[in-house]
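Right, one structure below, let's go through it.
Residue numbers (the UniProt record's numbering), protein chains in the order written: chain U, 1 to 601; chain Z, 1 to 601.
See below:
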């Protein structure tokens, strides 16, 4: 008996975790096996979601519980779910929590699994995406990316909201779909997913600028979608309903700005802490400590933002972007390689876990609310909103860009708007009422549709549109002209460059001009305190130079590619790392082999 | 309101995790800073526990709740804790679980934190310990290690049990301390902790054989202590009480053997799966996949054992030992380095988290039961039992060993019996009654005492005993004679060698003689199926040779050390990895630098 009870306790967590681990293993092996047979169409996210579905089905078949209570059931449509059994958690006399198997079938938003999933795996995924972004390309395309991410997401949200509002009028009137609900769904659906988009792009190796536009947009529009969702919720809670209320709208707008700026600053603060810590201490002598501190501080940016009620994803994204720009320059090469590999593993396993879990919930969650009209409306409006977002914005951007975004790129961008973890995260927060559960179910179905159908069709689509694939991520020279000419006027870029090069770099890293020169006389004390404590060693000098070269004319890269056999392997490796590897998480790094070959020379 | 509720939900996990992360960061930085100032006395475990104490104190001062209910309070000693408030978990009308802040103050055993801690961090710590064990040294000292671990732990358990039973007779008779309770405490206290012992040993770099004896014992006696605890619990539940019941005893003994063998086999099964997977597929072409699969399968050994009611620690330990012996030979060098670094980070962060948590619980848990007699009895009996264990067994072992275990080693081994995570894990399982809570509190105090007092005094003690410290972990030649001569007769080692070399190696790896030769004619089909599918490449051939050399006369090592500048860096690196690095988790690996220097030649 006692041993049985003991076993029961351990089972609580060990068994589901074991199931999840097995699922991840099967996913990894089958994707890898399928890819070996040249099935280019499979992607990890889709396969993980498929196995998740199977697991959910199995669990549901084994534990068939009719006695589910779905909250907010005001209609009599789903009668079988309307029976007793209110408490999903039993409390034993001693106050122990006994996790009921059915616990998250009707309330996914509060469970252990989700909390672990989102706090443990989501930050490294987003961080990895931002951290491995090709900085130079990103800055070159920054204007376009920001336009798509900000204006595009807002257009998309409005467009889906309006469409869905129209569709809900076609539905039986028992459902109380307000405009705010439709806008909420619009905001949720506007978040294209960096995880799946990244998986897709790095598998197919599309054109680098298309890659940057799509990935940059998907990373940044998460932030916008999250903040929009918050803002709409804030607006809703003012009980404004359908009548336009300027106060509530202003409140929502202030909230939008506050969350965005707060999260951005929080991410930046953690970068500054990491950069100063790695600059002024000798942490770089111990790569294990360096890696741990870097990892913990980057993760903290997410956790602290969530704890403050800000957006963790936005914070960790900005943290990743700035860490890759500044802190990386203070790290040892060993530490840099370790950090990259650590985040790579987390990113890989996290992607599989999150998509597997989404598939699982799709069949396990028993309080789904399928509304065929709403679903077909969603299907249509998702494409429509993306067209309304990409085509006009690309037209406007092309007016300013010397190097236009081709039409075929625009077509593909409409196609490649996969939805994923962030949409799920936003939808799962509220499943109390019938309306929110309709939104949740539809979101899950849309995620499944975009991942399976659009993700699989991406490869044939690329061929049809005649967009070149299989591009070497390090191939930089040929479309050189494209990246220098952006739509941004010189003054903005000049301002950014001087802030970055003259002040941020010298304060946070060992690179850039000495602070005593760039700062005015009055800040002499500040300049002396933050000046680099060590004389620049050869390696660092080289690093800074390469970095500087990359930001202007890509000299470092060209040089090293022309003379790769002459240059020593160490600097080559550093550069690869600085280059961000273009987010190709699955590409193997072979520092050993590389150095081995140069040894034989 | 809604946004407040949203925030509330997110706070649930993000805030405590953020506190934990901050705690870990502060620990890392202060230990590292203290070590820079040559304070050799500090260890991560102690500092983490100290900061955990501070956090626990803070939390307790902020949330002062008198309304605690400690289960099983039959006496009136702690009146203030005897007030109402039974349910620690509030259920909202919709069935949401709202984690009350006080939840784990009286019931630590069931909480989120502990489950995550033990399922996430304990397996990598134990795995890392076993995986990085110097295999050759371990096998050379296997007999002694097994004697200490098995006979020693049983002696220790009996001895503490008997002592404590004597001490409980001195206590006021209201407490119902049975002999089985005392034996349970004995079993809990017998588990010397690999995490803290490893930390201590690698910081001080003691003599390699002393290292092996202490670390090997601490890893293996966990297994014995866990199984003993289970067995005693099984025996107790038979209601045998004080009367010796042969049936219950037999049952407990069968249980002991069953759990031990079951866990061992489970660990082995996962190694076989990993080895065959890495041998017969081309996983080694993608280091990220290789690392992920290896990591997940190794972790699975723990989870599946826990899910089956076996001992996860034992399973993951055997898995680590066998993975390091067989699977490692199938991995790519890149994958091998990644796996090592991944487990290193997990081990490092896990150690800090677990000890930090122990300190936290020590002050946060409000249902402590301090029994001065019991505590002082424990203090005495812990030293006494260790003396009864080490001295007689060393005497017996020295009869068989050609190379004796010196007296000073024996003194230090008594001293270095630190307790930690495993003891905590065993004690925290049961805190329902006053007796079990007395045991829990005493265990926590003993862990604190051994970590702080003994851990800090280890360095002066070593100097006093004149045991050499600062030994280079790769220094193998000089005490060569010591390791060949063990107390094991040749036949046993011969049998093991032939099983290992003739059958296991060829089946699981690309090394060893072809199976078609070693297996009898009748197993021809089996031999053909499991034969290495690829012709041995040069690198592998070399790897197997080095490995073979290491097992017999350490030729590979000597050769590479004499001619390190001539041999190419790749094989050198592989060897380092094979050598297991002696569990020096904190020692930086500089493959880049090493290859850089050889490039310049």
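Cβ coordinates follow ideal geometry from the N, Cα and C atoms, glycine included.
- In chain order, 345 make up the part of chain Z whose C-beta sits under 7 Å from the C-beta of residue 291 of chain U.
- With a threshold of 16 other beta carbon atoms within 10 Å, residue 425 of chain U meets it and is buried.
- With a cutoff of 8 Å on beta-carbon distance, residue 45 of chain Z and residue 196 of chain Z are scored as near each other.
- The three-state secondary structure of residue 419 of chain U, taken from DSSP, is strand.
- The bridge partners DSSP lists for residue 192 of chain Z are Z/419.
- A distance below 8 Å separates the beta carbons of residue 119 of chain U and residue 14 of chain Z.
- At a Cβ-Cβ threshold of 8 Å, residue 259 of chain Z and residue 284 of chain Z do not count as neighbours.
- Interface with chain U (8 Å Cβ-Cβ cutoff): residue 296 of chain Z is included.
- Under the Cβ criterion (8 Å, minimum of three pairs), the segment 164-174 of chain U does not count as touching the segment 322-342 of chain U.
- Chain-ordered, the chain Z residues with CB closer than 9 Å to the CB of residue 300 of chain U read 18, 21, 22 and 25.
- Beyond the five residues adjoining it in sequence on each side, residue 274 of chain Z comes within less than 8 Å, by CB distance, of 293, 294, 297, 298, 323 and 327 in the same chain, given in chain order.
- Taking 8 Å as the cut-off, the Cβ atoms of residue 49 of chain Z and residue 417 of chain Z do not count as close.
- Under the 8 Å criterion on CB atoms, residue 116 of chain U is classed as interfacial with respect to chain Z.
- CA-to-CA, the gap between residue 236 of chain U and residue 393 of chain U works out to about 29 Å.
- Within the segment 331-361 of chain Z, the residues whose Cβ lies closer than 7 Å to some Cβ of chain U are 333, 334, 338, 341, 342, 344, 345, 348 and 349, listed in chain order.
- Bounds of any alpha helix (DSSP H) do not take in residue 405 of chain Z, whose DSSP letter is neither H nor E.
- In summary, residue 514 of chain Z is exposed, with fewer than 16 beta-carbon neighbours lying within 10 Å of its beta-carbon over all protein chains present.
- Contact between the segment 337-357 of chain U and the segment 304-313 of chain U is absent: fewer than three C-beta pairs spanning the two stretches fall below 8 Å.
- Comparing alpha carbon positions, the residue from U/194, U/276 and U/178 closest to residue 132 of chain U is U/194.
- Taking 8 Å as the threshold, the shortest C-beta distance from residue 191 of chain U to chain Z does not fall below it.
- Between residue 219 of chain Z and residue 288 of chain Z, the alpha-carbon positions lie close to 29 Å from each other.
- Put simply, the backbone Cα of residue 438 of chain Z is about 8 Å away from that of residue 374 of chain Z.
- Of all residues in the segment 392-410 of chain U, none has a C-beta nearer than 9 Å to a C-beta of chain Z.
- The CB of residue 34 of chain U never comes closer than 8 Å to any CB in chain Z; the least such distance is about 13 Å.
- The DSSP-derived three-state label of residue 311 of chain U is coil.
- Assigned with DSSP and collapsed to three states, residue 468 of chain Z falls in coil, not helix or strand.
- Contact annotation, residue 346 of chain U with residue 121 of chain U: C-beta distance approximately 7 Å; criterion of less than 8 Å satisfied.
- Here residue 152 of chain U is actually not in contact with residue 403 of chain U; their C-beta atoms are around 20 Å apart, not less than 8 Å.
- Spatial neighbours of residue 332 of chain U in its own chain (CB-CB distance under 8 Å, excluding positions within 5 residues in sequence) are listed in chain order as 284, 285, 287 and 290.
- Residue 184 of chain U and residue 319 of chain U have their alpha carbons spaced roughly 27 Å apart.
- Under the DSSP assignment, residue 347 of chain U falls in the alpha helix (DSSP H) whose first and last residues are 333-364.
- DSSP places residue 171 of chain Z in the coil class of the three-state scheme, outside both helix and strand.
- By the CB criterion at 8 Å, residue 160 of chain U and residue 376 of chain U fall outside the cutoff.
- In this structure, DSSP gives residue 177 of chain Z a state outside helix and strand, which the three-state scheme calls coil.
- Short of 6 Å from the beta carbon of residue 450 of chain U, and not among the five residues preceding or following it, lie these beta carbons of its own chain, in chain order: 418 and 419.
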